[in-house]
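A.B. asks:
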Amino acid sequence: MRKELELYEILILLDPNLIEDEVTNKIQFYQDFLVGKGSKVMVQNQGRKGLSYAIKKFEAANFVQMVFLGNGKLVELFNSTIRRDEAVLRHIVTKLNEPLLV
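Under this note's numbering, think of the first position of the sequence shown as 54, with each following residue one higher.
(1) Among K109, G125, L71, which residue has its Cα nearest to the Cα of K90?
(2) In chain order, what residues of the same chain have a beta carbon less than 8 Å from the beta carbon of L71, not counting five sequence neighbours either side?
(3) For F131 versus L87, is the C-beta distance shorter than 8 Å?
(4) Any idea what DSSP makes of I72, helix, strand or coil?
(5) Using CA coordinates, which residue listed in N98, L127, E112 is at the minimum distance from S92?
(6) Under the assumption that L122 contacts A113 (Cβ atoms under 8 Å), give the Cβ distance between them as a whole number of angstroms.
(7) DSSP three-state label for G89, please.
(8) Mind reading off the beta-carbon distance from E62 to L142? Whole number of angstroms is fine, and I expect it under 8 Å.
(9) Look up K102 in the DSSP assignment and say whether it is helix, strand or coil.
(10) Where does L149 fall in DSSP's three states?
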């Protein structure tokens, strides 16, 4: 039986007051979370950037982009984990393409 996997992208805006090591630890935590659930992950730390408008009174944020393979169940679990993290200002998950059969 084949599992249907889809390609997702998540953009995470992290608290700008986190030091570089803390940002790296957050990225590693989320990457390990996805890999532990059987996903493959590509990560791009885009660094600290200014925001167009203030979010939670912050004018800047650390931008982290992740592309991963998964399904709706994994995305739901990942979203609930991210929502509990106070260092995350905002996040958005987008499905990128048609399903892949693996």
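By construction, the Cβ of each residue, glycine as well, lies at the ideal position given by its N, Cα and C atoms.
C.D. replies: From the atom records:
(1) Walking along the sequence shown from the start, residue 90 turns up at place 37. The option with the nearest alpha carbon to K90 is G125.
(2) Indexing the sequence shown from 1 puts residue 71 at position 18. So the qualifying residues of the chain are K79, N115, A140.
(3) Sequence index remark: in the sequence shown, residue 131 carries index 78 (1-based). Sequence index remark: in the sequence shown, residue 87 carries index 34 (1-based). A contact, by the Cβ cut-off of 8 Å.
(4) Locating residue 72 in the sequence shown gives position 19, where the first residue counts as 1. I72: coil per DSSP, three-state reduction.
(5) Position 39 of the sequence shown, counted from the start, is the residue given in the question as residue 92. Among N98, L127, E112, the Cα nearest to that of S92 belongs to L127.
(6) Here the question's residue 122 lines up with position 69 in the sequence shown. Here the question's residue 113 lines up with position 60 in the sequence shown. So it is not a contact: roughly 31 Å between Cβ atoms.
(7) Along the sequence shown, one-based indexing puts residue 89 at 36. DSSP places G89 in helix when its eight states are reduced to three.
(8) As a working mapping, residue 62 is identified with position 9 in the sequence shown. As a working mapping, residue 142 is identified with position 89 in the sequence shown. E62 to L142, Cβ: 18 Å. No contact.
(9) Start at 1 with the first residue of the sequence shown, and residue 102 comes out as number 49. DSSP places K102 in strand when its eight states are reduced to three.
(10) The residue you call residue 149 lines up with position 96 of the sequence shown. Coil at L149, not helix or strand.
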